[in-house]
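Numbering (the numbering used here), first residue to last: 31 to 164.
Backbone N, C-alpha and C fix where the C-beta goes; we use that ideal spot for every residue, glycine too.
Please read all numbers here as calculations on a predicted model, not as lab measurements.
Note sheet for the following structure.
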Amino acid sequence: ALTPPMGWLHWERFLCETDCEKNPNNCVSEKLFMEMADKMVLDGWLDAGYQYLCIDDCWLAPKRDMNNRLQADPIRFPGGIKKLSDYVHARGLLLGIYQDVGTHTCAGYPGSQGYYDLDAQTFAEWGVDLLKFD
């Protein structure tokens, strides 16, 4: 039998916690995902076949940039998704990310409707390996 994609997705534990000042240890942020990448390797999850570190909703900035590209929240992801992708890849893991086919994500962030090609190009430039597209 083929093995399904195996990995870690933040939603079940961290939901859409975006207040890093109030809740720094449970906030959807670059720091959280870098810590989880390290933990997946050090605790043996990668060796057990868990390859994907997946970002669910609430990673985005409230608006697209001036060129209509998606952008990560600059406070919670100061290095951007490309930096995070490089960090994850350097540990032998793959990066997955969530986006929505409509005008907005479930949490109200910018969706991909009208920007499918641009968003696909952006994800590719960032080095995203898997897209969870609602």
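If you compare alpha carbons, which of the options is closest to residue i?
i, options, result
"Val158", "Ser142, Asp116, Asp130", "Asp116"
"Pro108", "Pro140, Val58, Pro35, Tyr80", "Val58"
"Ala78", "Trp38, Asp164, Tyr139", "Trp38"
"Ile111", "Arg121, Leu123, Asp130, Leu90", "Leu90"
"Asp186", "Tyr145, Leu123, Arg121", "Given a span of 31 to 164 for the chain in the structure shown, any question on residue 186 remains unanswerable."
"Pro92", "Tyr139, Gly74, Glu155", "Tyr139"
"Tyr82", "Pro35, Leu62, Cys136, Glu155", "Pro35"
"Met122", "Asn53, Leu161, Asp68", "For the sequence presented, residue 122 should be read as Gly rather than Met. That would be Asp68, whose Cα lies nearest to the Cα of Gly122."
"Tyr128", "Lys52, Pro54, Cys88", "Cys88"
At a cut-off of 6 Å, is residue i close to the ligand ADP when judged by its beta-carbon and the heavy atoms of the ligand?
i, result
"Tyr146", "As for the ligand ADP, it is missing from this structure, which has no ligand bound."
If I measure Cβ to Cβ from residue i and keep anything under 7 Å in the same chain, skipping five residues before and after, which residues do I get?
i, result
"Leu148", "Asn98, Arg99"
"Asn56", "Phe44, Glu47"
"Asp49", "Cys57"
"Tyr80", "Met36, Gly37, Trp38, Met70"
"Glu60", "Arg106, Phe107, Pro108, Gly109, Leu114"
Apart from the five residues just before and just after residue i, which ones in its own chain have a Cβ nearer than 6 Å to its Cβ?
i, result
"Gln143", "Gly132, Thr133"
"Trp41", "Asp86"
Given a threshold of 16 other Cβ atoms within 10 Å of its Cβ, counted over all protein chains shown, does residue i qualify as buried or as exposed?
i, result
"Leu114", "buried"
"Phe153", "buried"
"Ile105", "exposed"
"Ala102", "buried"
"Asp95", "exposed"
"Gly141", "buried"
"Phe63", "buried"
Only counting the same chain, and skipping five residues up and downstream in sequence, which positions put a Cβ closer than 8 Å to that of residue i?
i, result
"Leu32", "none"
"His119", "Leu125, Gly157"
"Asp73", "none"
"Trp75", "Trp38, Lys69"
Following the continuous beta strand (DSSP E) through residue i, name the residue where it begins and the one where it ends.
i, result
"Lys162", "160-163"
"Gln129", "124-129"
Taking the alpha helix (DSSP H) that residue i belongs to, which residues open and close that run?
i, result
"Trp75", "From DSSP, Trp75 is part of no alpha helix (DSSP H); its letter is neither H nor E."
"Gly110", "110-120"
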